[in-house]
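Sequential numbering from 31 applies to the sequence shown in the working numbering. Take a look at the structure set out below.
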Amino acid sequence: MNPNFMRYFYTLLAFALILASIGCNQAIENSRKSQAILEMKRATDFHSYSQPEEAVVTHLNWNASVNFEDRIIRATATYDIDVSATAERILLDCVDLTIEAVTVDGESVDWSLGPEQPFIGQPLSVPVNGASKRISIQYASSPSAGALLWVEGAQPFLFTQSQAILARTWIPCQDSPGIRFTYEAHVDVPVGTMALMSATNPTVQSADGHYDFRMDQPIPSYLLALAVGNVEFRSVGPHTGVYAVPELIDAAEYEFGEMEALLVAAENLYGKYAWERYDLLVLPAAFPFGGMENPRLTFATPTIIAGDRSLVSLVAHELAHSWSGNLVTNSTWDDFWLNEGFTVYFEQRIMEAVFGREISEMLATLSYQGLVDEVDEIMDTNPDDTHLKLHLQNRNPDDGMTAIAYDKGYFFIRLIEETVGREGFDAFLKAYFTEHAFTVMDTDRFITYLKENLLNTEDRLMAVNLDAWIFGAGLPENCPEVRSERIEQVDANLTAWEANQIGTEELPWADWVYQERYRFLSNLDDSTSAVRMKELDLAWSISSTGNNEVLFAWLEQSIRSTYSPSYDRLENFLINVGRRKFLTPLYRAMIETDQKEMALAIYKQARPNYHSVATGTMDELLEIE
Numbered sequence: 031m032n033p034n035f036m037r038y039f040y041t042l043l044a045f046a047l048i049l050a051s052i053g054c055n056q057a058i059e060n061s062r063k064s065q066a067i068l069e070m071k072r073a074t075d076f077h078s079y080s081q082p083e084e085a086v087v088t089h090l091n092w093n094a095s096v097n098f099e100d101r102i103i104r105a106t107a108t109y110d111i112d113v114s115a116t117a118e119r120i121l122l123d124c125v126d127l128t129i130e131a132v133t134v135d136g137e138s139v140d141w142s143l144g145p146e147q148p149f150i151g152q153p154l155s156v157p158v159n160g161a162s163k164r165i166s167i168q169y170a171s172s173p174s175a176g177a178l179l180w181v182e183g184a185q186p187f188l189f190t191q192s193q194a195i196l197a198r199t200w201i202p203c204q205d206s207p208g209i210r211f212t213y214e215a216h217v218d219v220p221v222g223t224m225a226l227m228s229a230t231n232p233t234v235q236s237a238d239g240h241y242d243f244r245m246d247q248p249i250p251s252y253l254l255a256l257a258v259g260n261v262e263f264r265s266v267g268p269h270t271g272v273y274a275v276p277e278l279i280d281a282a283e284y285e286f287g288e289m290e291a292l293l294v295a296a297e298n299l300y301g302k303y304a305w306e307r308y309d310l311l312v313l314p315a316a317f318p319f320g321g322m323e324n325p326r327l328t329f330a331t332p333t334i335i336a337g338d339r340s341l342v343s344l345v346a347h348e349l350a351h352s353w354s355g356n357l358v359t360n361s362t363w364d365d366f367w368l369n370e371g372f373t374v375y376f377e378q379r380i381m382e383a384v385f386g387r388e389i390s391e392m393l394a395t396l397s398y399q400g401l402v403d404e405v406d407e408i409m410d411t412n413p414d415d416t417h418l419k420l421h422l423q424n425r426n427p428d429d430g431m432t433a434i435a436y437d438k439g440y441f442f443i444r445l446i447e448e449t450v451g452r453e454g455f456d457a458f459l460k461a462y463f464t465e466h467a468f469t470v471m472d473t474d475r476f477i478t479y480l481k482e483n484l485l486n487t488e489d490r491l492m493a494v495n496l497d498a499w500i501f502g503a504g505l506p507e508n509c510p511e512v513r514s515e516r517i518e519q520v521d522a523n524l525t526a527w528e529a530n531q532i533g534t535e536e537l538p539w540a541d542w543v544y545q546e547r548y549r550f551l552s553n554l555d556d557s558t559s560a561v562r563m564k565e566l567d568l569a570w571s572i573s574s575t576g577n578n579e580v581l582f583a584w585l586e587q588s589i590r591s592t593y594s595p596s597y598d599r600l601e602n603f604l605i606n607v608g609r610r611k612f613l614t615p616l617y618r619a620m621i622e623t624d625q626k627e628m629a630l631a632i633y634k635q636a637r638p639n640y641h642s643v644a645t646g647t648m649d650e651l652l653e654i655e
């Protein structure tokens with residue numbers, strides 16, 4: 031036999047043995063991972079039917095077609111699953127989905143939908159056993175799916191908003207933040223549009239409207255995201271870029287040109303970014319939030335495009351979620367503060383690192399004011415909702431998305447930092463993210479971890495007073511003090527102006543940054559007359575400002591002062607902007623000033639432009655059934 035052939039043969043044999051060994055090791059590793067997924071420590075989630083200790087999804091293959099004409103997504107969701115030896119079924123969450131067929135390991139099965147419950151929908155029960163490996167569900171979404179907003183017009187647009195429990199309205203899933211899975215997707219959309227997901231994304235439109243996606247890092251269902259529209263991509267750094275419609279792409283490229291610097295600052299604080307790329311998509315103004323931290327692709331409102339990069343703290347916030355929330359996730363919505371409190375703290379640290387402590391402390395001062403106001407309001411209606419640890423069983427988890435989770439959570443974390451020192455706290459937080467990466471955390475387990483690794487002396491425990499912060503109502507007495515000399519100067523100017531000690535043109539408005547302008551307007555006395563509002567407007571052209579945070583504060587005060595020259599801008603703003611943070615105070619101000627008829631008239635025009643997250647809140651506020 032040819033010796034060269036023999037050498038070739040043995041080389042191939044050795045290579046095959048290596049591959050077999052790798053395959054065997056990989057199988058063992060996958061088995062370990064599967065067992066870990068089944069045994070992951072999770073708190074009881076009252077907002078999901080899923081029972082992951084019996085059967086849990088681990089990977090999703092999603093094949094979908096997006097139909098703008100019918101406002102429907104038709105899809106097949108195929109899940110790899112891990113099941114216990116005694117499992118008889120796997121449960122998934124569904125709301126208004128038309129289930130057409132279900133298979134288990136390629137064989138058709140008799141599935142069932144259980145009775146519907148408010149907020150959480152119906153359980154889809156699929157029979158399985160200890161040997162089951164894969165389930166496949168063919169289905170269609172409803173035109174009124176709560177997560178989806180179909181934007182009409184010359185350039186139609188679709189986007190999802192899955193948080194908190196709306197993923198189940200566009201895909202059958204185990205819709206709990208305590209359950210993580212990887213996914214791949216294959217999506218067909220109309221030619222001339224681009225599809226984007228919380229995954230690897232294209233940077234140019236396909237010729238045939240077909241797009242493929244992968245997300246190799248495990249995520250919870252609320253981070254599933256899809257957007258479809260005529261958008262363009264611009265790179266702003268080695269790992270960062272922006273997507274926007276053609277008419278906004280230039281402005282977006284400039285506005286978010288510092289994203290790479292924010293990413294570097296974040297990594298320097300708490301470790302390597304785990305998601306490979308950090309891109310941002312500017313959505314239509316109907317988007318109900320400032321931003322949504324979908325992995326790899328933050329969804330953002332165009333209302334943060336101010337032309338001067340003044341509102342990038344929102345980008346810092348969503349970026350921070352790449353660690354707190356996306357990397358380490360709250361096990362249930364009762365533990366939402368673990369996401370948002372840490373994220374606001376991290377946001378402030380990023381802002382301090384990039385723009386200086388003066389700016390970050392102004393932001394903290396504004397947060398404190400908003401927190402005090404919200405605590406006062408909630409204490410009058412439901413004091414238990416001012417606890418960090420919530421009890422939202424039989425309630426919509428959106429009820430917990432208040433300043434309590436964000437800002438009370440932030441000041442609690444800041445208190446811990448001030449108690450133990452920044453150096454020690456930074457080391458703790460970096461270790462926390464590293465040790466719990468791609469897992470879930472609940473309040474009780476966090477308290478244990480905190481006591482074991484940081485608050486490990488009686489003095490530290492007493493200084494912080496965990497119970498008062500986490501399980502107590504209101505704002506504890508040991509809340510950290512925030513001080514901004516620039517904000518104090520604004521307050522002094524406001525006092526002098528209201529007392530007619532200085533004239534309107536003597537205000538240093540032109541020298542103020544947006545935080546200072548916002549502070550001035552938001553602290554105006556409700557009795558400020560329309561005459562004085564006119565003075566401000568004539569002197570500083572506030573009604574025409576391009577900064578939407580300043581404009582919002584101005585419009586709210588215009589309502590309370592019945593300054594009618596701003597009402598056209600108010601109507602236009604409310605019809606075209608769906609950000610709930612702005613909508614709720616503006617509509618409430620009209621109600622409280624006996625201008626409810628105006629509110630209802632505007633809302634009638636605006637409601638079709640709002641996402642369900644916003645309409646749910648506004649319907650209740652305006653008492654619309």
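Think of the CB as a built atom: it goes at the ideal place given N, C-alpha and C, for glycine as much as any other residue.
Straight-line gap, residue i to residue j (C-alpha atoms, nearest Å)
i, j, result
"T487", "D205", "39 angstroms"
"R562", "F243", "55 angstroms"
"Y593", "T359", "45 angstroms"
"D472", "R119", "26 angstroms"
"W527", "A583", "18 angstroms"
"D437", "L480", "20 angstroms"
"N495", "I446", "10 angstroms"
"N412", "D429", "11 angstroms"
"E146", "P153", "8 angstroms"
"A631", "S343", "34 angstroms"
"V537", "G386", "First, the residue type needs correcting, since residue 537 is Leu and not Val in the sequence shown. Spanning the two alpha carbons is a distance of roughly 25 angstroms."
"I335", "H347", "16 angstroms"
"V470", "D112", "18 angstroms"
"Q378", "A197", "30 angstroms"
"Q625", "E99", "38 angstroms"
DSSP three-state assignment for residue i, whether helix, strand or coil
i, result
"C54", "Confidence at C54 is low in this model, with a pLDDT of 42, below 50, so the placement of that residue should be treated as unreliable; the coordinate-derived value is given next. It is helical."
"E586", "helix"
"E382", "helix"
"F149", "coil"
"I621", "helix"
"L651", "helix"
"Q111", "Note on residue identity: the sequence assigns Ile, not Gln, to residue 111. Strand at I111."
"R339", "coil"
"D437", "helix"
"F501", "coil"
"K63", "With a pLDDT of 44 at K63, under the threshold of 50, the modelled position of that residue is not reliable, and the figure given next carries that caveat. Here K63 sits in helix by DSSP."
"E465", "helix"
"F98", "coil"
"S354", "strand"
"S142", "strand"
"V470", "strand"
"P207", "coil"
"M70", "coil"
"L43", "Since pLDDT at L43 reaches only 41, below the 50 mark, its modelled position is unreliable, and no value is offered."
Rounded Cβ spacing between residue i and residue j (contact assumed at less than 8 angstroms)
i, j, result
"A177", "P427", "Not quite, the Cβ-Cβ distance comes to about 14 angstroms (not below 8 angstroms), so this is no contact."
"H77", "P318", "Going by Cβ atoms, the distance from H77 to P318 rounds to 19 angstroms, so no, they are not a contact pair."
"P325", "S228", "5 angstroms"
"T432", "E404", "6 angstroms"
"Y303", "L293", "6 angstroms"
"W363", "L422", "6 angstroms"
"T223", "N578", "Actually they are not in contact, since the Cβ atoms of T223 and N578 sit about 27 angstroms apart, beyond 8 angstroms."
Per-residue burial, residue i [other beta carbons within 10 Å of its own, 16 or more giving buried]
i, result
"F501", "exposed"
"A670", "Nothing in the structure corresponds to residue 670, since the chain is present only between 31 and 655."
"A131", "exposed"
"N602", "exposed"
"E653", "exposed"
"M245", "buried"
"G271", "buried"
"V234", "exposed"
"A522", "exposed"
"F550", "buried"
"T26", "No answer is possible for residue 26: it lies beyond the span of the chain, which begins at 31 and ends at 655."
"P250", "buried"
"Q10", "Not covered by the structure: residue 10. The range shown for the chain is 31 to 655."
Requested in this report: Jot down the residue ranges of each uninterrupted beta strand (DSSP E) in the stretch 243 to 324, minimum 3 residues, whole runs only, in chain order.
Outcome: 256 to 259, 262 to 267, 270 to 274, 308 to 312
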